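Notes follow once the structure below has been shown.
Numbering (our numbering), first residue to last: 21 to 190.
Here you go:
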């Protein structure tokens, strides 16, 4: 089996065996080129999936289905580009579910995870424990990624400011 291990991500072979058909799918690979929370949508989805894998496995839940659905939770491409941020937040789970169903077989649990990962914004309450876990992990990862992105931007700005001031006042 061809295995792709991405950048600084994760080295758990079982994790990759669960998601390999998704991360090698031509349509899903397009998410590598879409910015999302300061990184790519692909990397965000991979991070959410990996943490879901760890938590749901530890809790002895259906970690395989939860991991796959977590990876697909933001599987949308250009569908929200003309929407304002609030509309995109509310609608993107529907687009992600539509795309996921187009390329992969999904269980009712996986559909619930993808469709309801934006609760309470979408007002659709998760039905399964695994759905709640993905919802919470997605929020955590999004906050982490935004904070990390802002810190990097500030660090870059401070570096340029320091260089400018050093050159200017020599």
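Even for Gly, the Cβ is constructed at its ideal location relative to N, Cα and C.
Nothing here was measured: the structure is a model prediction, and the numbers come from that model.
Nearest candidate by alpha-carbon position, reference residue i, set the options
{"i": "residue 131", "options": "121, 140 and 30", "result": "121"}
{"i": "residue 193", "options": "150, 44, 155 and 165", "result": "The displayed coordinates of the chain run from 21 to 190. Any statement about residue 193 would go beyond what the structure contains."}
{"i": "residue 148", "options": "35, 49, 85 and 69", "result": "85"}
{"i": "residue 91", "options": "97, 66 and 146", "result": "66"}
{"i": "residue 45", "options": "158, 159, 119 and 127", "result": "119"}
{"i": "residue 115", "options": "124, 126 and 97", "result": "97"}
{"i": "residue 111", "options": "141, 75 and 83", "result": "141"}
{"i": "residue 155", "options": "125, 69, 107 and 126", "result": "69"}
{"i": "residue 143", "options": "113, 47, 87 and 88", "result": "113"}
Residues near residue i in its chain [Cβ-Cβ closer than 6 Å; skip 5 each side]
{"i": "residue 61", "result": "51, 54 and 94"}
{"i": "residue 71", "result": "157"}
{"i": "residue 87", "result": "38, 69, 72 and 73"}
Strand pairing of residue i, partner residues [DSSP]
{"i": "residue 39", "result": "Beta-bridge pairing links residue 39 to no other residue."}
{"i": "residue 55", "result": "60"}
Burial state of residue i, where buried means 16 or more other Cβ atoms lie within 10 Å
{"i": "residue 31", "result": "exposed"}
{"i": "residue 145", "result": "exposed"}
{"i": "residue 117", "result": "buried"}
{"i": "residue 128", "result": "exposed"}
{"i": "residue 157", "result": "buried"}
{"i": "residue 167", "result": "exposed"}
{"i": "residue 43", "result": "buried"}
{"i": "residue 133", "result": "buried"}
{"i": "residue 153", "result": "buried"}
Sequence-distant residues of the same chain with beta carbon closer than 7 Å to residue i, five excluded per side
{"i": "residue 81", "result": "149 and 150"}
{"i": "residue 41", "result": "none"}
Specify whether the region 30-47 and the region 132-144 touch according to this definition: at least 3 beta carbon pairs, one from each stretch, less than 8 Å apart.
no
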